[in-house]
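Below is one structure; the comments refer to it alone.
Number of protein chains: 2
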Amino acid sequence: MSTLRGACIIAQSGGPTAVINASTYGAIITAMKRREITRVLGAQNGIRGILDDNLIDLDKEEPYELELLKYTPSSALGSCRYKLKDPAEDDSDYKRILEIFMKYDVRYFFYNGGNDSMDTCNKISKYCLEHGYECRVMGIPKTIDNDLAETDHCPGYGSAAKYIATSIMEVYKDTHVYDIGTITVFEVMGRNAGWLAAASALAALKGCGPDLIYLPEVPFDFDRFYERLDYCYKRNHNCVVVVSEGIRDKDGRYIAEYASTLAQQKDSFGHAQLGGLAAYIADLVKKHTGAKVRGIELSLLQRCAAHCASQTDIDESFHAGRAAVEYAVEGFTDKMVGFQRIYSHDGQYRCDIKLIDLEKVANKEKFLPVDWINVTGDGVNEKFIDYALPLIKGTVNIPTDDGLPRYAKLRRIKATV
Amino acid sequence: MSTLRGACIIAQSGGPTAVINASTYGAIITAMKRREITRVLGAQNGIRGILDDNLIDLDKEEPYELELLKYTPSSALGSCRYKLKDPAEDDSDYKRILEIFMKYDVRYFFYNGGNDSMDTCNKISKYCLEHGYECRVMGIPKTIDNDLAETDHCPGYGSAAKYIATSIMEVYKDTHVYDIGTITVFEVMGRNAGWLAAASALAALKGCGPDLIYLPEVPFDFDRFYERLDYCYKRNHNCVVVVSEGIRDKDGRYIAEYASTLAQQKDSFGHAQLGGLAAYIADLVKKHTGAKVRGIELSLLQRCAAHCASQTDIDESFHAGRAAVEYAVEGFTDKMVGFQRIYSHDGQYRCDIKLIDLEKVANKEKFLPVDWINVTGDGVNEKFIDYALPLIKGTVNIPTDDGLPRYAKLRRIKATV
Chain A
2 MSTLRGACII AQSGGPTAVI NASTYGAIIT AMKRREITRV LGAQNGIRGI LDDNLIDLDK
62 EEPYELELLK YTPSSALGSC RYKLKDPAED DSDYKRILEI FMKYDVRYFF YNGGNDSMDT
122 CNKISKYCLE HGYECRVMGI PKTIDNDLAE TDHCPGYGSA AKYIATSIME VYKDTHVYDI
182 GTITVFEVMG RNAGWLAAAS ALAALKGCGP DLIYLPEVPF DFDRFYERLD YCYKRNHNCV
242 VVVSEGIRDK DGRYIAEYAS TLAQQKDSFG HAQLGGLAAY IADLVKKHTG AKVRGIELSL
302 LQRCAAHCAS QTDIDESFHA GRAAVEYAVE GFTDKMVGFQ RIYSHDGQYR CDIKLIDLEK
362 VANKEKFLPV DWINVTGDGV NEKFIDYALP LIKGTVNIPT DDGLPRYAKL RRIKATV
Chain B
2 MSTLRGACII AQSGGPTAVI NASTYGAIIT AMKRREITRV LGAQNGIRGI LDDNLIDLDK
62 EEPYELELLK YTPSSALGSC RYKLKDPAED DSDYKRILEI FMKYDVRYFF YNGGNDSMDT
122 CNKISKYCLE HGYECRVMGI PKTIDNDLAE TDHCPGYGSA AKYIATSIME VYKDTHVYDI
182 GTITVFEVMG RNAGWLAAAS ALAALKGCGP DLIYLPEVPF DFDRFYERLD YCYKRNHNCV
242 VVVSEGIRDK DGRYIAEYAS TLAQQKDSFG HAQLGGLAAY IADLVKKHTG AKVRGIELSL
302 LQRCAAHCAS QTDIDESFHA GRAAVEYAVE GFTDKMVGFQ RIYSHDGQYR CDIKLIDLEK
362 VANKEKFLPV DWINVTGDGV NEKFIDYALP LIKGTVNIPT DDGLPRYAKL RRIKATV
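See below:
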């Protein structure tokens with residue numbers, strides 16, 4: 002394919018992860034090495050940085066600081082929640098993007114994000130094509146939710162899964178020290194797909210995990226839940242429950258909505274009932290069993306715990322960023338970098354890169370396969386374990402200063418033409 | 002002093018920590034090496050294990066598994082919330098303890114716990130003395146709260162402080178990626194003393210920490226809080242707030258009590274049950290500012306995060322356990338092992354062991370010094386930073402299996418005479 006010379010823009014979008022910067026670093030360092038790419042620009046706050054002409058010269062950053070991106074959680078270039086309009090209705094955003102691309106002679110655009118971002122990539126790519134402006138557009142996936150279609154797994158998932166399993170193992174140990182029973186309810190992320198909740202089963206594999214795991218893929222039934230809970234609690238005088246934030250009843254209503262409706266009401270003391278799903282379920286369980294119950298929401302901690310990242314995830318995330326740039330320079334466009342799992346003849350896990358059409362991933366979701374869920378609908382089987390275990394391997398050794406993480410400090414020098 | 006030969010009992014009590022087992026391991030391995038100690042017994046679930054004659058032979062455990070205790074969070078021997086009665090009123094528990102001591106010829110008792118446990122040690126020691134039974138009793142401190150009197154700091158605090166500072170740094174990064182402002186409210190433990198909340202200032206030292214820290218030592222005033230919050234949020238379009246679970250209004254009422262009627266319930270020590278404060282404050286802040294607000298409770302995670310332990314804390318905890326046994330064999334009794342901070346002439350931190358009379362620590366609390374709190378009463382100054390920074394140093398390399406922690410597996414062989 003033809004050689005295309007020009008600047009590149011790298012941007013990040015959506016909710017951050019522990020390793021999104023590892024992907025971005027992979028793209029930056031590779032772009033810097035390719036002579037076809039004349040300038041490496043970063044857009045601040047995703048697509049907004051392009052619309053606002055708020056770009057930085059990544060070439061001017063200190064190499065050591067850039068390297069620290071591999072261990073720096075969250076989105077170093079900033080993120081945004083801005084959604085581009087449908088160009089058929091209003092193409093002003095696209096006009097502006099094209100204007101900025103032309104201003105800086107941008108011929109490569111790399112967008113590091115989730116499925117909304119892949120949709121954005123797709124639309125920008127099409128718009129450029131329709132307007133005769135050659136620009137190669139590549140999506141670099143990231144999401145702890147692991148719900149992108151077509152790829153074996155997503156950068157960010159392995160680290161979140163490792164953090165969830167590790168934290169639950171620790172709390173399991175903590176809640177099993179007393180001679181009196183306790184029930185612990187964990188709430189983990191995952192609005193529609195149960196990948197993160199399922200990761201808690203890895204803790205169970207090590208003997209320190211949940212007895213019951215509730216996934217968005219299985220309709221949540223309170224009676225059935227109490228029945229299973231009573232059985233576990235009677236047998237072990239202890240029970241650890243994991244619920245996905247996205248569990249729904251048989252009518253498709255989020256259980257978390259029950260909780261937030263309750264939050265509007267006041268108790269007999271005039272206090273609002275507070276808290277999310279974990280607190281809500283914990284409260285119900287307390288009333289049902291009379292046991293000591295604690296609700297723990299892993300909240301943002303699960304998506305930014307770089308100190309407990311999976312080295313496999315960091316390496317793969319870096320490779321995804323690198324591959325995006327290399328394939329684009331070779332001539333590919335309108336693709337998302339994905340992962341293909343390969344097992345060697347001795348059973349060793351290996352992850353290869355594959356390119357996926359943006360159209361196939363934009364605005365799509367991937368759910369936990371039905372045959373990976375156990376027969377009682379409150380856990381996963383060994384198919385999930387086999388899938389997830391290779392993704393959490395490798396302990397990271399993050400650079401530290403005074404015993405605390407040393408994160409990348411970028412100079413963020415504003416780009417000018 | 003005279004040589005005393007006999008068995009020893011090691012027990013753990015109170016809320017577990019990430020490193021309590023490191024202390025217990027220090028005691029076990031040292032006891033095994035001393036010929037004066039003829040048998041190393043563990044009491045299951047603290048003092049209850051003695052009352053129930055539920056002892057295990059620690060000598061029969063695998064050495065490798067015992068060594069893993071250094072990296073295994075929570076109380077490996079089990080804990081209890083049982084409080085011994087006042088012997089003047091009812092000495093049946095003490096009679097029973099003495100009976101068990103005599104049954105196994107126990108001449109050394111090591112109790113690894115917080116200030117309640119030091120009180121238990123003290124009472125048992127006095128009872129033995131009054132009844133002419135020679136038994137050397139030593140307390141080995143542990144508490145993430147860092148509130149034991151007479152010692153520079155407590156085993157367990159450094160690891161909890163490191164986890165709190167690290168987690169807040171990560172979430173700080175996460176909550177600063179968007180172009181729209183957010184307010185984050187963290188709730189950390191610490192019923193009456195602000196040591197854990199203050200640890201969040203270490204994150205601020207690295208540029209990723211809270212703007213406002215509320216300690217139990219400073220009466221909490223809502224008007225003043227809103228004023229400071231508005232100032233921060235207007236300036237930065239972002240604000241990170243840390244509240245100790247133990248913050249109280251000027252009349253001494255816990256703010257957590259406002260949040261939940263559950264706070265009226267008391268545990269078996271007569272302490273009010275706290276929790277739900279982060280959600281409560283977050284809700285108030287949302288109403289006050291209209292901003293996007295998130296409450297995060299670090300919950301049990303902060304006291305059991307062995308994967309993020311401070312190596313300094315592990316080493317010191319181990320030494321505390323070892324010293325307890327060595328001093329007891331030398332003839333000391335009725336003491337708690339404490340830490341003395343020493344700075345060498347080149348400014349290097351060093352921690353020496355000192356012995357403290359149990360009476361001086363039993364049922365006492367140590368608060369954050371007033372002159373370590375900043376003038377606005379919502380943070381700490383460099384005196385705290387200088388104090389805390391050496392305690393969190395050293396990254397731990399926990400043994401893993403499949404990318405997850407490998408914890409000690411004890412055989413727990415029931416002891417018989």
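Chains A and B supply the protein sequences, listed in that same order.
With the working numbering as the guide, the letters of the first sequence map in order to residues 2 to 418.
With the working numbering as the guide, the letters of the second sequence map in order to residues 2 to 418.
Ideal placement from N, C-alpha and C gives every residue a C-beta, glycine not left out.
- In this structure, the beta-carbon distance from residue 85(B) to residue 51(B) does not fall below 8 Å.
- If one requires a minimum length of 4 residues, the alpha helix (DSSP H) runs lying completely within the stretch 177 to 218 of chain B are 196 to 200, 202 to 206, in chain order.
- In the three-state DSSP reduction, residue 396(A) falls in the strand class (E or B).
- The beta carbon of residue 175(A) falls within 8 Å of a beta carbon belonging to chain B, placing the residue at that interface.
- Boundaries for residue 381(B): no alpha helix (DSSP H) harbours it, and the DSSP string shows neither H nor E there.
- Boundaries of the alpha helix (DSSP H) harbouring residue 225(A): 223 to 237, taken from the DSSP string.
- Note on residue 134(A): under 16 other CB atoms within 10 angstroms of its CB, so exposed under the neighbour-count rule.
- The stretch 338 to 351 of chain B and the stretch 197 to 204 of chain B do not touch, with fewer than 3 CB-CB distances between them shorter than 8 Å.
- Taking 7 Å as the Cβ-Cβ cut-off, the stretch 368 to 399 of chain B approaches chain A at 390, 393, 394, 395, 396, given in chain order.
- Against chain B, a Cβ distance below 9 Å from residue 190(A) picks out nothing, because the smallest value is about 12 Å.
- Counting only Cβ-Cβ distances below 8 Å, residue 170(A) has contacts in chain B at 405, 406, 408, in chain order.
- The alpha-carbon separation between residue 361(A) and residue 161(B) amounts to approximately 45 Å.
- Looking only at 61(B), 381(B), 279(B), the smallest Cα-Cα distance to residue 414(B) is reached by 61(B).
- Note that the C-beta distance between residue 15(A) and residue 114(A) is below 8 Å.
- Shortest Cα-Cα distance from residue 402(B) to any of 18(A), 186(A), 182(A), 204(A) involves 204(A).
- Annotation: Cβ neighbours of residue 178(B) in chain A (cutoff 7 Å, chain order): 17, 75, 76, 79, 80.
- Taking 8 Å as the upper bound for CB-CB distance, residue 312(B) and residue 397(B) are in contact here, some 5 Å apart.
- Sequence-distant partners of residue 324(A) (beyond 5 residues in either direction) whose C-beta falls short of 7 Å from its own C-beta, in its chain, are 338, 354.
- With a cutoff of 8 Å on beta-carbon distance, residue 46(B) and residue 81(B) are scored as near each other.
- Looking at the DSSP output, residue 407(A) shares a beta bridge with no other residue.
- A distance below 8 Å separates the beta carbons of residue 95(B) and residue 125(B).
- With a cutoff of 8 Å on beta-carbon distance, residue 77(A) and residue 306(A) are scored as not near each other.
- Secondary-structure assignment with DSSP links residue 259(B) through no beta bridge to anything.
- Distances from the CA of residue 247(B) to each of 226(B), 190(B), 29(B), 343(B) were compared; the closest alpha carbon is that of 190(B).
- If you draw a straight line from the Cα of residue 13(B) to the Cα of residue 107(B), it comes to about 17 Å.
- A residue is called buried when at least 16 other Cβ atoms come within 10 angstroms of its Cβ; residue 89(B) does not meet this threshold and is exposed.
- Residue 20(A) is a Cβ neighbour of residue 315(A), given a cutoff of 8 Å.
- In the DSSP annotation of this structure, residue 9(B) is not part of any alpha helix (DSSP H); the continuous beta strand (DSSP E) holding it starts and ends at 7 to 13.
- Interface criterion met: the Cβ of residue 308(B) is under 8 Å from a Cβ in chain A.
- Per DSSP, reduced to three states, the secondary structure at residue 116(A) is helical.
- Under the DSSP assignment, residue 45(A) falls outside any alpha helix (DSSP H); it carries neither an H nor an E label.
- Residue 387(B) and residue 145(B) have their alpha carbons spaced roughly 18 Å apart.
- C-alpha of residue 241(A) to C-alpha of residue 281(B): approximately 25 Å in a straight line.
- DSSP, reduced to helix, strand and coil, places residue 109(A) within a strand of the structure shown.
- Excluding its 5 nearest sequence neighbours in each direction, residue 73(B) has C-beta neighbours in its own chain below 7 Å: 22, 307, 408, 409, listed in chain order.
- Chain-order list of chain A residues neighbouring residue 118(B): empty, with the shortest C-beta distance near 14 Å, by a criterion of under 7 Å.
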